[in-house]
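First comes the structure, then the notes that go with it.
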Amino acid sequence: MRVLAFETSSRRGTVAAVEDGRVIASRSHDAIDQHAERLPGLLEGVLAEAGWKRGAIDRVAAGRGPGSFTGLRIGLALAQGIALGLGVPCVGVGSLRAMAAAVPAGVGGARVCCTDARRGELFVAVYDALGAVRWPAAALPVGEARAWIARALGAEPVVLVGEAAALLERDAAPPLGWFQDERADLPHAAVVGQLAERLEPGEHPAEPEYVREADARRPELRVLVPALGDG
Amino acid sequence: MLVLGIETSCDETAAAVVRSDGLVLSDVVHSQVSLHAPYGGVVPELASRDHLRNAAPVVQAALDRAGVGLDAVGGVAVTCRPGLSGALLVGVQLARGIAWSRGLPLVGVDHLLGHLAAPFLRWDDAPPLADPLPFVALLVSGGHTALYRVDALEAAQVHELGATRDDAAGEAFDKVAKLLGLGYPGGPIVDRLAREGDPAVVPLTRPMRARDSLELSFSGLKTQVARWIEADGLPGDDRRLRDLCAAFQGRVIDALLAKLLEAVRREGVRTVLIAGGVAANRELRARAAAACERRGLRLIVPAPRACTDNGAMIAYAGSLRLVAGEDDGAAVAVNPRTCLERRTRKGGGRR
Ligand SMILES: Nc1ncnc2c1ncn2[C@@H]1O[C@H](COP(=O)(O)OP(=O)(O)O)[C@@H](O)[C@H]1O
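Protein sequence lines, in the order shown, are assigned to chains B and R.
Mapped onto my numbering, the consecutive letters of the first sequence carry residue numbers 1287 to 1517.
Mapped onto my numbering, the consecutive letters of the second sequence carry residue numbers -13 to 337.
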């Protein structure tokens, strides 16, 4: 199966072509607030390197977050448009899940995946070594994340995943391992594509997982309008 | 050529399939009004989220209702400015994906140019309108209020003659309705209440009376209403409320019509277009019709579905460029501001 994948939930934007579990081509950029501008070029590059025709794509995938709200939508909307145009399924893959999946099976311990959620918070989710979710994604204040991990996992062996793990106080006991790799430091389309191949599209729609609510305040309304009929 | 048009600039997710002669094959609009109503205005993040939820299904519905597949479509047009950046991005990215996947040309359309395309659209095989060009247009909606001279439906042939300095007219209706605790959107509610009110009871003064300017302003009027409420309290009984609505609406329309007619006089054109959501206002329609008739002007007020945000107007405005072989491709860029140029007596310039 040929999967075209996008991941734009973090400061890095990536595009990848994955075929039967193998990453055929991938491209990335890390220009600030440039996902929409950079994606078309990355896409052309990936397709050329993979040597695929557009019609050869069997499935499209994108990271669903959590992450930057606008960033997420840039990747997801593009993926949805391509899938609609080609008439192929579009799959959404959790961005923290993709980071967990970038850790080799041989590395022991629960994967505590973190990305920078801004406003002094981290997005954190925990997966076991087989990729099953232990704690779904949540936004946690940086100062509380450490205690949260300890509460959630007790004395279990733990491996931290994600460049944002640097925001945790790393000198606090017990020492935690930190797995670092290009495809694990931030969510990567190559892993999103690999996971998407094995997911059931109907159960994993290409919809964002925002985790946070939109900021919005309701004004006081008084009801004195007489019934408004038509005409 | 058949063109797929996509619009997500504010609080409507819309898509349409339009033939390049203006015939609308399908026109699907998903409105977010009820989503934003509890907040008394559009909440940008909620708007973006809702666009992403609905954009692909709305596009699919537009294709289905037109009874065509993408293989019958010759190009894609998408609103790329002005509007809420996050909302615009959803439509632009979706359109980009569709165009890229099918190898179709893609053009970015200025939303305001789309509104000015309203008179060129026709539904159900209605005969085409006699050529309206050149015309002066009053665009009045919740997000925009401006006057244009339109010589052709392309950005370089459209000039802004004047615009609001602060609130858009629809926004003023919405804000006054909010002050009065009436709900959102306020325009239709105020319109309905004003019908049974006496506009002479509450003394509000008309904004921007200077005859030599085509600028508009509505925030002062809103402040007058706020002061009146401060002094007199919220109008309790229905009659006071209706009189206040009638006075407010009357002054808004006084200002809109005065500037519109002055613009028509200056430009020497014989055709007038009123478009945008506020064009649904009954008093505005009636008074504009009477004023135009007195002066022997042709007035075009498109049907409400052509006046409010829709994908058909974007498809048509884009079709003119697509038919000419243009393709913005990857260069389509989102911008919160319009590209339509401003022309004053002192000269041009971009806003
Ligand atoms: N009958 C009416 N009288 C006055 N204003 C109206 C009426 N109907 C709708 N409006 C106003 O039109 C605006 C919506 O128009 P629309 O073209 O959708 O604008 P936008 O998309 O820029 O918000 C709202 O501000 C609404 O209050």
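Backbone N, C-alpha and C define an ideal beta-carbon position, used for all residues, glycine too.
Keep in mind it's a predicted model, so treat the numbers as computed, not measured.
Say yes only if the C-beta of residue i is nearer than 6 angstroms to one or more non-hydrogen atoms of ligand 1, and no if none qualify.
| i | result |
| --- | --- |
| residue 352 of chain R | In the structure as shown, chain R starts at -13 and stops at 337, and residue 352 of chain R therefore has no counterpart that could be examined. |
| residue 1 of chain R | no |
| residue 231 of chain R | no |
| residue 266 of chain R | yes |
| residue -6 of chain R | no |
| residue 294 of chain R | yes |
| residue 1373 of chain B | no |
| residue 159 of chain R | yes |
| residue 174 of chain R | yes |
| residue 177 of chain R | yes |
| residue 69 of chain R | no |
| residue 344 of chain R | Any property of residue 344 of chain R remains undetermined from this structure, which presents chain R solely from -13 to 337. |
| residue 297 of chain R | no |
| residue 183 of chain R | no |
| residue 288 of chain R | no |
| residue 156 of chain R | yes |
| residue 171 of chain R | yes |
Would you kindly check if the distance between the Cβ of residue j and the Cβ of residue i is under 7 angstroms?
| i | j | result |
| --- | --- | --- |
| residue 155 of chain R | residue 131 of chain R | yes |
| residue 1346 of chain B | residue 1485 of chain B | no |
| residue 1352 of chain B | residue 1451 of chain B | no |
| residue 1395 of chain B | residue 1445 of chain B | yes |
| residue 265 of chain R | residue 231 of chain R | no |
| residue -2 of chain R | residue 295 of chain R | yes |
| residue 63 of chain R | residue 34 of chain R | no |
| residue 262 of chain R | residue 87 of chain R | no |
| residue 306 of chain R | residue 91 of chain R | no |
| residue 274 of chain R | residue 260 of chain R | yes |
| residue 11 of chain R | residue 3 of chain R | yes |
| residue 1411 of chain B | residue 1382 of chain B | yes |
| residue 317 of chain R | residue 170 of chain R | no |
| residue 95 of chain R | residue 303 of chain R | yes |
| residue 1367 of chain B | residue 300 of chain R | no |
| residue 193 of chain R | residue 206 of chain R | yes |
Below 8 angstroms on the Cβ atoms is my guess for residue i versus residue j; work out the distance and round it to an integer in Å.
| i | j | result |
| --- | --- | --- |
| residue 1464 of chain B | residue 1438 of chain B | At roughly 17 angstroms, the Cβ-Cβ gap does not stay under 8 angstroms, so residue 1464 of chain B and residue 1438 of chain B are not in contact. |
| residue 162 of chain R | residue 176 of chain R | 7 angstroms |
| residue 200 of chain R | residue 245 of chain R | 5 angstroms |
| residue 1321 of chain B | residue 1384 of chain B | In fact, because the Cβ distance is near 16 angstroms, the residues do not count as touching under 8 angstroms. |
| residue 1298 of chain B | residue 1314 of chain B | 6 angstroms |
| residue 1388 of chain B | residue 1470 of chain B | 4 angstroms |
| residue 1399 of chain B | residue 1447 of chain B | 4 angstroms |
| residue 65 of chain R | residue 140 of chain R | So it is not a contact: roughly 16 angstroms between Cβ atoms. |
| residue 1483 of chain B | residue 1307 of chain B | 7 angstroms |
| residue 325 of chain R | residue 67 of chain R | 6 angstroms |
| residue 1481 of chain B | residue 1393 of chain B | Rounded, the Cβ-Cβ distance is 17 angstroms, inconsistent with contact. |
| residue 104 of chain R | residue 288 of chain R | 4 angstroms |
Among residues of its own chain, excluding the 5 on either side of residue i, which ones have a beta-carbon nearer than 6 angstroms to its beta-carbon?
| i | result |
| --- | --- |
| residue 14 of chain R | 1, 44, 47 and 48 |
| residue 172 of chain R | 159, 160 and 163 |
| residue 270 of chain R | 239 |
| residue 1358 of chain B | 1295, 1351 and 1494 |
| residue 253 of chain R | 122 and 135 |
| residue 1435 of chain B | 1398 |
| residue 1375 of chain B | 1345 and 1487 |
| residue 37 of chain R | -6, -1, 73 and 76 |
| residue 323 of chain R | 68 |
Who are the near neighbours of residue i in its chain, counting only those whose CB is closer than 7 angstroms to its CB and skipping five residues on each side?
| i | result |
| --- | --- |
| residue 1509 of chain B | With a pLDDT of only 43 at residue 1509 of chain B, under the threshold of 50, the placement of this residue in the model should not be trusted; the figure read from the coordinates follows. For residue 1509 of chain B, where only same-chain residues beyond five positions count, there are no Cβ hits under 7 angstroms. |
| residue 1516 of chain B | Reliability fails at residue 1516 of chain B, whose pLDDT of 37 lies under 50, so the model's placement of it is uncertain and the value that follows must be treated cautiously. Closer than 7 angstroms at Cβ, skipping near neighbours: no residue. |
| residue 39 of chain R | none |
| residue 6 of chain R | -13, -11, 305 and 309 |
| residue 121 of chain R | 136, 255, 257, 258 and 259 |
| residue 315 of chain R | 92 |
If you drop the 5 nearest sequence neighbours on each side, which residues of the same chain put their C-beta closer than 8 angstroms to that of residue i?
| i | result |
| --- | --- |
| residue 332 of chain R | Its pLDDT being 48, under 50, residue 332 of chain R is placed unreliably by the model, and the measurement read from it follows with that caveat. There are no such residues. |
| residue 222 of chain R | none |
| residue 215 of chain R | 165, 166 and 221 |
| residue 278 of chain R | 258, 284 and 285 |
| residue 1287 of chain B | 1305, 1306, 1344, 1345 and 1483 |
| residue 1459 of chain B | For residue 1459 of chain B, the predicted model reports a pLDDT of 49, less than 50, meaning its position is unreliable and no value from the coordinates is stated. |
| residue 1309 of chain B | 1302, 1303, 1476, 1479 and 1480 |
| residue 374 of chain R | Absent from the model: residue 374 of chain R. The displayed extent of chain R is -13 to 337, so no value can be given. |
Would the beta-carbon of residue i be found less than 6 angstroms away from any heavy atom of ligand 3?
| i | result |
| --- | --- |
| residue 193 of chain R | Although ligand 3 was asked about, the structure shown includes only ligand 1 as ligands. |
Handout entry: Ranges of the alpha helix (DSSP H) found wholly within the region 1359 to 1439 of chain B, counting only runs of at least 4
Key = 1381 to 1387 and 1428 to 1439
Exercise for the section: Mind listing, in chain order, the continuous beta strand (DSSP E) runs of no fewer than 3 residues lying wholly within the region 144 to 223 of chain R? Expected result: 144 to 149
Exercise for the section: List in chain order: all unbroken beta strand (DSSP E) runs of 3+ residues lying wholly within the region 222 to 285 of chain R. Expected result: 257 to 261
Exercise for the section: Let me know the alpha helix (DSSP H) ranges lying completely inside the region 51 to 97 of chain R, each 4 residues or longer, listed in chain order. Expected result: 71 to 88
Problem - Completely contained alpha helix (DSSP H) runs for the region 1295 to 1353 of chain B, where each covers 4 or more residues - result: 1321 to 1336
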